[in-house]
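For the protein sequence lines, the chains are R and D, in the order given. Final position of the first sequence in the working numbering is 119; the numbers increase by one with none missing. Final position of the second sequence in the working numbering is 512; the numbers increase by one with none missing. Virtual Cβ for every residue (Gly too), placed ideally from N, Cα, C. Single-structure report; data block below.
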Amino acid sequence: MSVLREMIGNFFSRPVTIRYPWIKVPIPDTFRGRVANTDELCIGCSKCSLVCPAQVITMIDGPRDVVFKGKTLARKKRPQVDLYKCIRCGLCERHCPTGSIHLEHVHAGTGTDRDVRVT
Amino acid sequence: MPEVVVPIGPHHPALKEPVNFRVIADGEKIVRLELDLSYNHRGIEKAAEQRNFIRVLPLLERVCGICSHSHATAFAKGVEEIMGLEIPPRARYIRTIIAELERMHSHLLWLGVAAHEIGFNTLFMWSWRDREAVQDTLEEMSGNRVHYGMNEIGGVRRDLTPAQIKTALARLPDLEDRIQKYVGMVNSEETMLIRFRGVGKMSREEALKYGAVGPTARASGVDYDVRRDDPYLAYDEIPWKVITDNHGDVYGRTRVRVGELWESTQIVRFCLENIPAGPVRVEAPKNAPEGEILSRYEAPRGELAHYIRTNGTDKVERIDIRSPTLANWTSVAMCLTGQNLADIPVIVAAIDPCLSCTCRMVVVHRRGGRAVPGTAAGESGHDPKSRQDGWRP
Chain R
1 MSVLREMIGN FFSRPVTIRY PWIKVPIPDT FRGRVANTDE LCIGCSKCSL
51 VCPAQVITMI DGPRDVVFKG KTLARKKRPQ VDLYKCIRCG LCERHCPTGS
101 IHLEHVHAGT GTDRDVRVT
Chain D
120 MPEVVVPIGP HHPALKEPVN FRVIADGEKI VRLELDLSYN HRGIEKAAEQ
170 RNFIRVLPLL ERVCGICSHS HATAFAKGVE EIMGLEIPPR ARYIRTIIAE
220 LERMHSHLLW LGVAAHEIGF NTLFMWSWRD REAVQDTLEE MSGNRVHYGM
270 NEIGGVRRDL TPAQIKTALA RLPDLEDRIQ KYVGMVNSEE TMLIRFRGVG
320 KMSREEALKY GAVGPTARAS GVDYDVRRDD PYLAYDEIPW KVITDNHGDV
370 YGRTRVRVGE LWESTQIVRF CLENIPAGPV RVEAPKNAPE GEILSRYEAP
420 RGELAHYIRT NGTDKVERID IRSPTLANWT SVAMCLTGQN LADIPVIVAA
470 IDPCLSCTCR MVVVHRRGGR AVPGTAAGES GHDPKSRQDG WRP
């Protein structure tokens with residue numbers, strides 16, 4: 001009888017499913033999505049590359065000046081993330097000393113380009 | 120009537136993961152079951168030996184897609200003990216909250232799968248709908264629905280904000296209400312009673328003999344739960360009780376799991392309401408001293424064991440994972456003996472098998488010295504003579 005009651009109740013309730021893509025599920029602020037790097041903050045320390053469990057962060061040439069703790073530093077390297085292989089674990093974000101590399105609160109999206117990279 | 124071998128798998132439309140059953144049947148009755156596992160061997164243990172303590176945790180989470188927190192916590196707990204680290208109380212509570220939410224989503228998933236196996240797809244849809252509330256809470260707390268990434272050696276990576284605690288507490292009354300309905304449904308719904316009662320019966324002695332763990336053992340009256348008998352995290356500070364049942368059949372296993380669902384909601388509620396303030400992690404040393412430990416953890420499916428050996432470096436020298444499904448397979452082989460062929464799906468589903476978790480055992484054949492995939496058939500199942508020529512690499 002409990003099942004019947006439940007079924008009758010469901011007839012008068014709103015559907016649980018939503019009409020995607022017109023309506024989308026809200027993404028929480030803590031969501032671990034696509035990796036991004038803020039170039040102005042990155043001091044090129046390579047820590048993200050060293051902790052990455054999937055080994056998808058490589059340090060590439062990127063000479064630039066970065067202000068760090070009030071000093072202007074000439075930096076040579078910047079991280080490049082292979083998005084297709086990234087597992088969104090967030091270890092790079094956790095270990096970044098300046099908060100430059102971070103996971104955006106957006107769904108990673110889909111694509112056909114296996115070589116898509118973020119620097 | 121002569122005995123007939125019914126091969127099922129390793130690739131079969133009814134199987135969700137690859138496993139090879141050789142069901143020896145006499146008419147409709149099952150005489151014995153032979154099992155071949157390890158079609159999904161991924162070499163995770165060897166890969167774990169190559170990574171340091173920071174990088175190994177995301178890998179170990181991926182041993183299982185359902186109990187990812189279990190594996191990471193079992194490992195972190197073991198390494199912290201070797202290092203002599205005491206994690207802060209707030210971290211213990213956060214780990215407990217995630218662990219119990221994981222148990223809830225695992226049991227709700229199982230309830231749906233079990234209902235699906237008996238053709239009760241209405242319940243399957245309902246329980247998976249309710250599981251979404253748990254998954255949403257986990258996603259809000261950790262950033263992901265499946266691989267939470269909450270653990271690190273020395274504590275947890277993310278703290279819980281007051282807003283997250285408030286949202287989680289607001290979701291609980293609805294879930295509790297739903298779970299109460301399931302408790303009633305399991306005990307009164309004819310569809311379930313007819314298909315679950317008396318199916319896959321296992322006595323307490325048999326459960327102990329065949330080494331069953333978790334809800335499978337507790338449904339046969341084995342009063343054993345690692346959370347109570349070898350307390351870890353915050354379980355010794357929380358009022359809760361171990362659910363056991365004396366039916367010993369699939370009905371008993373369902374009752375235990377649904378009862379545990381309710382207990383988990385109460386544990387989560389207690390933890391959220393009484394979470395202590397303070398830091399969420401302590402600084403962990405880079406290297407672990409030489410040592411070895413067997414870290415035990417009550418995963419949703421049963422007792423999970425991580426054997427960890429360290430050698431003074433920042434990596435483990437050896438890690439061996441014994442997942443609960445591996446311990447339960449022998450009891451399945453025993454339970455199936457004498458049952459009808461049509462009961463195979465529901466008896467197998469009753470242990471909540473996770474085949475990918477299981478695939479890390481290798482048995483060396485004594486006669487030829489060849490390494491062969493592991494078998495987990497019990498006395499009723501394994502017959503070395505019949506396997507003599509059966510192996511194909």
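Following the continuous alpha helix (DSSP H) through residue i, name the residue where it begins and the one where it ends.
{"i": "D/Leu-242", "result": "240 to 261"}
{"i": "R/Asn-10", "result": "2 to 11"}
{"i": "R/His-105", "result": "Run containing R/His-105: none; DSSP gives neither H nor E here."}
{"i": "D/Pro-334", "result": "333 to 337"}
{"i": "D/Ser-225", "result": "208 to 236"}
{"i": "D/Leu-352", "result": "Segment: none, D/Leu-352 is in no alpha helix (DSSP H) and carries neither H nor E."}
{"i": "D/Thr-163", "result": "One point to set straight first is that residue 163 of chain D is Ile, not Thr, in the sequence displayed. Unbroken alpha helix (DSSP H) run through D/Ile-163: 163 to 168."}
{"i": "D/Ile-201", "result": "187 to 202"}
{"i": "D/Glu-136", "result": "Careful: D/Glu-136 lies outside any alpha helix (DSSP H) and carries neither H nor E."}
{"i": "D/Arg-264", "result": "That residue, D/Arg-264, is in no alpha helix (DSSP H); it is neither H nor E in DSSP."}
{"i": "D/Ala-541", "result": "The displayed coordinates of chain D run from 120 to 512. Any statement about residue 541 of chain D would go beyond what the structure contains."}
{"i": "R/Cys-92", "result": "91 to 95"}
Just to confirm my understanding: we take residue i, look at its own chain, exclude 5 residues before and 5 after, and list those with CB closer than 8 Å. What are they?
{"i": "D/Thr-429", "result": "Val-198, Ile-201, Ala-407, Pro-408, Glu-409, Gly-410, Glu-411, Val-435, Glu-436"}
{"i": "D/Ser-261", "result": "Ile-217, Tyr-267, Gly-268, Met-269, Arg-277"}
{"i": "D/Met-244", "result": "Gly-231"}
{"i": "D/Pro-137", "result": "Gly-128, Pro-129, His-130, Tyr-158, Asn-159, Leu-474"}
{"i": "R/Gly-9", "result": "none"}
Which residues in the same chain as residue i place their Cβ atom closer than 7 Å to its Cβ, once the five residues preceding and following it in sequence are excluded?
{"i": "D/Val-67", "result": "With chain D represented from 120 up to 512, any question about residue 67 of chain D goes unanswered, as that position is not in the structure."}
{"i": "D/His-226", "result": "Arg-376, Glu-379, Leu-380, Pro-419"}
{"i": "D/Gly-184", "result": "Val-265"}
{"i": "D/Val-305", "result": "Met-311, Thr-373, Arg-374, Val-377"}
{"i": "D/Asp-249", "result": "Leu-227, Leu-294, Arg-297"}
Taking 6 Å as the limit between beta carbons, can you name the residues of its chain near residue i, skipping five residues before and five after?
{"i": "D/Arg-388", "result": "Leu-291"}
{"i": "D/Ile-127", "result": "Phe-140"}
{"i": "R/Val-66", "result": "Ile-43, Leu-73, Arg-75"}
{"i": "D/Arg-209", "result": "Pro-395, Gly-397, Val-399"}
{"i": "D/Arg-347", "result": "Val-361"}
{"i": "D/Ala-336", "result": "Ala-326"}
Within 10 angstroms of its Cβ, does residue i collect 16 or more other Cβ (buried), or is it exposed?
{"i": "D/Tyr-354", "result": "buried"}
{"i": "D/Asp-364", "result": "buried"}
{"i": "D/Gly-146", "result": "exposed"}
{"i": "D/Ile-470", "result": "buried"}
{"i": "R/His-107", "result": "exposed"}
{"i": "D/Asp-368", "result": "buried"}
{"i": "D/Gln-254", "result": "buried"}
{"i": "R/Met-7", "result": "exposed"}
{"i": "D/Glu-392", "result": "exposed"}
{"i": "D/Pro-196", "result": "Note that residue 196 of chain D is Lys in the sequence shown, not Pro. The residue is buried, with at least 16 neighbouring Cβ atoms inside 10 Å."}
{"i": "D/Gln-283", "result": "buried"}
{"i": "R/Pro-21", "result": "exposed"}
Start and end of the beta strand (DSSP E) containing residue i?
{"i": "D/Leu-154", "result": "148 to 155"}
{"i": "D/Ile-440", "result": "435 to 441"}
{"i": "D/Ile-470", "result": "Counting along the chain, D/Ile-470 falls outside any beta strand (DSSP E), and DSSP gives it neither H nor E."}
{"i": "D/Asn-139", "result": "139 to 145"}
{"i": "D/Pro-177", "result": "Here D/Pro-177 belongs to no beta strand (DSSP E); instead the alpha helix (DSSP H) covers 172 to 180."}
{"i": "D/Pro-292", "result": "That residue, D/Pro-292, is in no beta strand (DSSP E); its alpha helix (DSSP H) goes 281 to 307."}
{"i": "D/Val-123", "result": "123 to 127"}
Exercise. Are at least three pairs of beta-carbons, each pair with one atom in the segment 230 to 241 of chain D and one in the segment 414 to 431 of chain D, less than 8 Å apart?
Worked result: Fewer than three pairs of CB atoms, one per stretch, sit closer than 8 Å, so the segment 230 to 241 of chain D makes no contact with the segment 414 to 431 of chain D.
Exercise. Unbroken beta strand (DSSP E) runs of length 3 or more, entirely within the segment 15 to 86 of chain R: which are they?
Worked result: 35 to 37, 57 to 68, 71 to 82
For this session: Tell me, please, whether the segment 375 to 394 of chain D touches the segment 218 to 228 of chain D by the rule of three or more beta-carbon pairs shorter than 8 Å.
Result: Touching, per the Cβ criterion.
For this session: Please specify which runs of the alpha helix (DSSP H), each continuous and at least 4 residues long, are wholly inside the segment 356 to 426 of chain D, giving them in chain order.
Result: Counting whole runs of 4 or more residues, the segment 356 to 426 of chain D contains the alpha helix (DSSP H) stretches 369 to 392.
Exercise. Can at least three beta-carbon pairs, one atom from the segment 44 to 53 of chain R and one from the segment 83 to 94 of chain R, be found at a separation below 8 Å?
Worked result: Yes, since at least three Cβ pairs between the segment 44 to 53 of chain R and the segment 83 to 94 of chain R fall closer than 8 Å, the two stretches touch.
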